[in-house]
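Student: Before we start, here is the structure in question, set down as C-alpha cells.
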Amino acid sequence: MSHDANAEHGHHGPPLSTYYTVFGILIVLTMVTIGVGQITFLPGGATLAAAMIISSAKAYLVCRYFMLLGYTDRFYTFILILSLFILGLMFLFTSVDWGTRNEVNPGLSDAHSYLQILLERTLG
Amino acid sequence: MWLFLATEVLFFGGLFVGFILLKGRYPEAFEAGHNELSVFYGGLNTVVLLASSLTVALAIQASDSNNKDRIIKLLWATMALAGVFLVIKTIEYTGKWNSCLLPGNLFGFPELDAAGAPAIKDGIIQYAAHCKEAIAGHQAASDMPAHSNVFFSLYFIMTGIHGLHVVIGMGLFLWVIKSAKAGRFGPNYKGSLENVGLYWHLVDLIWIFLFPTLYRVG
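As given, the protein sequences belong to chains A and B, one line each in that order.
Take the first sequence: its position 35, counting from 1, is numbered 80 in my numbering, and each next residue is one higher.
Take the second sequence: its position 180, counting from 1, is numbered 514 in my numbering, and each next residue is one higher.
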C-alpha cells in the first residue's frame, strides 16, 4: 500500500456503500457455492470447476475492494499475479512429474513414486 | 507487505497442490473425507471471516475520516469475529477427535507395532474399539476407505496452519487497537493498520479457497 499517496490525498478507497455491496455479493456467492455443491446429478469435476470459479470471483472482489488493489499502484497487483503464476508452474511441473512416473520408471509399479512413498510415510 | 503476502500464497499454494495430487491418487478416501466435514460449520465460518474482512476494511476506511472511536469499535468487532471462527473450528475438531477421524497414525487410534506403524492382524488394521462405532453423524473410522487418514492429515495441517494465522491475526489486532487508542491512525498515517488489514484479508482469501476444497466438492 502506498503511504505517500495516502498522505497526499487522504481518502483513497471506494465509497462506504461499496464495502457493504461487495460484502453482500460475497455472501451470495458463498450461498451459491454451497447450493451448487448440493446438486448431486452434476459430475464431480463440474462442481469442482464451478466452486473454483466462484471462489476466484470472491477472491477478485476481496483483492480489488477490501485490499484496495483497484485503488493503488498496479505494482502490487503485479506481485500478486506473479505469485499465482509461480504457483501455477509448481502445480504444472508437479502434475507432469506425478502423472508420468509410472511410464518412466515402471519398476515401482504399485508405489508410483518415491515422492508418494515419502508422503505416505510422512502423512499416513 | 505484498511481497510477504506473495510468500504466503506460495506457502499455502504448495499445500493445495499436494491436496489436489493426493486426491487424484486416493479419490475414494478423499470423497469419504469430504462427506465427514460439516458444510454448515464450514459455510458459517466462511460468512464469519467475510464479515471480519468487511469490519477491518471499514476500520481502515474510518481512519480516512479520523474517526478514532469507529476504528476501535470495528477492530474489536473483527477480533470478536476471529474468536467466533476459532470457537466453530474447535467444535469441528472436537467432533473429529471423538470420531477418531484424525491425521496419520492417529486415525482410529490403532494398535501400533514396534516400528510405530499401525499393526495389521488378519489383513486389517486393528482400530480402537470406540472407533468402530458411528457417532454424531460421522461414519465409524474403521468403515472408512483405506488412506482416509491422508485426507485427515491434510485437513488438519491446512486448517491448523490457517487457524494459527487467525490466532496471530488476533495478536496483531490487539497491537493496532492499542495504537488506535493512542490516536495514531488518521488520514496521514495508517501504515501498520493497513498492513495488518492486508494480512487479515489474506487469511480470509485462503479460507475462501479452503472451504470448497475441503468441504464441498465431489
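We treat Cβ as the ideally placed atom computed from N, Cα and C, and that holds for glycine.
(1) Need the endpoints of the alpha helix (DSSP H) that Val382 (chain B) sits in, please.
(2) Quick one: using the 10 Å Cβ neighbour count with 16 as the cut-off for buried, is Ile542 (chain B) buried or exposed?
(3) If you draw a straight line from the alpha carbon of Ala468 (chain B) to that of Asn483 (chain B), how long is it in whole angstroms?
(4) Is there at least one Cβ from chain A nearer than 8 Å to His535 (chain B)'s Cβ?
(5) State the CB to CB distance for the pair Gly393 (chain B) and Leu409 (chain B), rounded to an integer number of angstroms; the pair is presumed to be in contact (CB under 8 Å).
(6) Once the 5 residues before and after Leu74 (chain A) are set aside, which same chain residues still bring their CB inside 7 Å of it?
(7) Between Gly471 (chain B) and chain A, is the shortest Cβ-Cβ distance under 8 Å, so that the two count as touching?
(8) Tyr110 (chain A) and Trp336 (chain B) - do their beta-carbons sit closer together than 8 Å?
(9) Using a Cβ-Cβ cut-off of 7 Å (strictly less than) and excluding sequence neighbours within five positions of Tyr360 (chain B), which residues of its own chain qualify?
(10) Taking Cβ positions, are Ile540 (chain B) and Phe346 (chain B) nearer each other than 8 Å?
(11) Less than 8 Å between the beta carbons of Pro546 (chain B) and Asp398 (chain B), yes or no?
(12) Could you give the residue range of the alpha helix (DSSP H) that holds Tyr489 (chain B)?
(13) Give, in chain order, every residue of the region 348-373 of chain B whose Cβ lies closer than 9 Å to some Cβ of chain A.
(14) Can you tell me where the alpha helix (DSSP H) with His535 (chain B) in it begins and where it stops?
(15) Return helix, strand or coil for Gly352 (chain B), following the three-state DSSP convention.
(16) At least one CB of chain A closer than 8 Å to the CB of Gln460 (chain B): is that the case?
(17) Measure the alpha-carbon distance for Leu349 (chain B) versus Tyr489 (chain B) and round it to whole angstroms.
(18) For Ser62 (chain A), report the span of its alpha helix (DSSP H) as first-last.
(19) So, is Gln83 (chain A) buried or exposed, given that buried needs 16 or more other C-beta atoms within 10 angstroms?
(20) In terms of residues, what are the limits of the alpha helix (DSSP H) holding Ile405 (chain B)?
(21) Can you name the residues of chain A whose CB is closer than 7 Å to the CB of Thr380 (chain B)?
(22) Mapping the DSSP letters down to three states, classify Ile99 (chain A) as helix, strand or coil.
(23) Could you say if the region 404-423 of chain B and the region 438-451 of chain B meet the contact criterion of at least three C-beta pairs nearer than 8 Å?
(24) Who are the Cβ neighbours of Val67 (chain A) in its own chain at under 6 Å, not counting the five residues just before and after it?
(25) Following a CB-centred definition, is Phe543 (chain B) positioned closer than 7 Å to any heavy atom of the ligand HEM?
(26) Could you say which of B:Lys402, B:Gly376, B:Ile459 lies nearest to Thr424 (chain B) if we only look at CA atoms?
(27) Exposed or buried, Asp538 (chain B), counting other C-beta atoms within 10 Å across all chains shown (16 or more means buried)?
(28) Taking all protein chains shown into account, decide if Met478 (chain B) is buried (16 or more other Cβ within 10 angstroms of its Cβ) or exposed.
Tutor: If we stick to the structure as given:
(1) Working through the second sequence from its first residue, we reach residue 382 (chain B) at position 48. First-last of the alpha helix (DSSP H) with Val382 (chain B): 373-398.
(2) Taking the second sequence and counting its residues from 1, the one referred to as residue 542 (chain B) is at position 208. Counting Cβ neighbours within 10 Å, Ile542 (chain B) comes out buried, since at least 16 surround it.
(3) Within the second sequence, numbered from 1, the residue matching residue 468 (chain B) stands at position 134. Within the second sequence, numbered from 1, the residue matching residue 483 (chain B) stands at position 149. Roughly 16 Å between the two C-alpha positions.
(4) The residue given as residue 535 (chain B) occupies position 201 in the second sequence. Answer yes: the Cβ-Cβ gap between His535 (chain B) and chain A drops below 8 Å somewhere.
(5) The count along the second sequence starts at 1 and reaches residue 393 (chain B) at position 59. The count along the second sequence starts at 1 and reaches residue 409 (chain B) at position 75. A quick correction: the sequence has Ala, not Gly, at residue 393 (chain B). Sure, about 5 Å apart at Cβ, within 8 Å.
(6) Numbered from 1 along the first sequence, position 29 holds the residue referred to as residue 74 (chain A). Excluding positions up to five away in sequence, the list reads Ile99, Ala102, Lys103.
(7) Against the second sequence, residue 471 (chain B) aligns to sequence position 137. Chain A contact via Cβ: absent.
(8) One-based indexing of the second sequence puts residue 336 (chain B) at position 2. One-based indexing of the first sequence puts residue 110 (chain A) at position 65. Cβ distance not < 8 Å, so Trp336 (chain B) and Tyr110 (chain A) don't count as in contact.
(9) The residue given as residue 360 (chain B) occupies position 26 in the second sequence. These residues qualify, in order along the chain: His481, Val484.
(10) On the second sequence, residue 540 (chain B) is found 206 positions in, with the first residue counted as 1. On the second sequence, residue 346 (chain B) is found 12 positions in, with the first residue counted as 1. Yes, these two residues count as a Cβ contact at 8 Å.
(11) Along the second sequence, one-based indexing puts residue 546 (chain B) at 212. Along the second sequence, one-based indexing puts residue 398 (chain B) at 64. No, Cβ-Cβ distance for Pro546 (chain B) and Asp398 (chain B) is not below 8 Å.
(12) Locating residue 489 (chain B) in the second sequence gives position 155, counting from the first residue. Residues 482-515.
(13) Gly348, Phe350, Val351, Gly352, Ile354, Leu355, Leu356, Gly358, Arg359, Pro361, Glu365, Val373
(14) Translated into positions along the second sequence, residue 535 (chain B) becomes position 201. That run of the alpha helix (DSSP H) goes 525-545.
(15) As a first step, residue 352 (chain B) is located in the second sequence; it is residue number 18 there, counting from the start. Gly352 (chain B): helix per DSSP, three-state reduction.
(16) On the second sequence, position 126 is the one that residue 460 (chain B) refers to. Closer than 8 Å: no.
(17) Here residue 349 (chain B) is taken as the residue at index 15 of the second sequence, counted from 1. Here residue 489 (chain B) is taken as the residue at index 155 of the second sequence, counted from 1. Their Cα atoms are separated by approximately 10 Å.
(18) Along the first sequence, one-based indexing puts residue 62 (chain A) at 17. Element bounds for Ser62 (chain A): 61-83.
(19) By one-based count along the first sequence, residue 83 (chain A) stands at place 38. When all chains shown are included, Gln83 (chain A) counts as exposed.
(20) As a working mapping, residue 405 (chain B) is identified with position 71 in the second sequence. From DSSP, the alpha helix (DSSP H) with Ile405 (chain B) extends over 402-432.
(21) Within the second sequence, residue 380 (chain B) is the residue found at index 46, counting from 1. The answer, in chain order, is Thr75.
(22) Working through the first sequence from its first residue, we reach residue 99 (chain A) at position 54. If DSSP states are grouped into helix, strand and coil, Ile99 (chain A) belongs with the helices.
(23) no
(24) Within the first sequence, the letter at position 22 stands for residue 67 (chain A). So the qualifying residues of the chain are Leu106, Tyr110.
(25) Only the bare structure without any ligand can be found here, which leaves the ligand HEM out of the picture.
(26) Locating residue 424 (chain B) in the second sequence gives position 90, counting from the first residue. Checked all of B:Lys402, B:Gly376, B:Ile459; the closest Cα to Thr424 (chain B) is B:Gly376.
(27) Within the second sequence, residue 538 (chain B) is the residue found at index 204, counting from 1. Looking at its Cβ environment, which holds 16 or more other Cβ atoms inside 10 Å, Asp538 (chain B) is buried.
(28) Position 144 of the second sequence, counted from the first residue, corresponds to residue 478 (chain B). Counting Cβ neighbours within 10 Å, Met478 (chain B) comes out buried, since at least 16 surround it.
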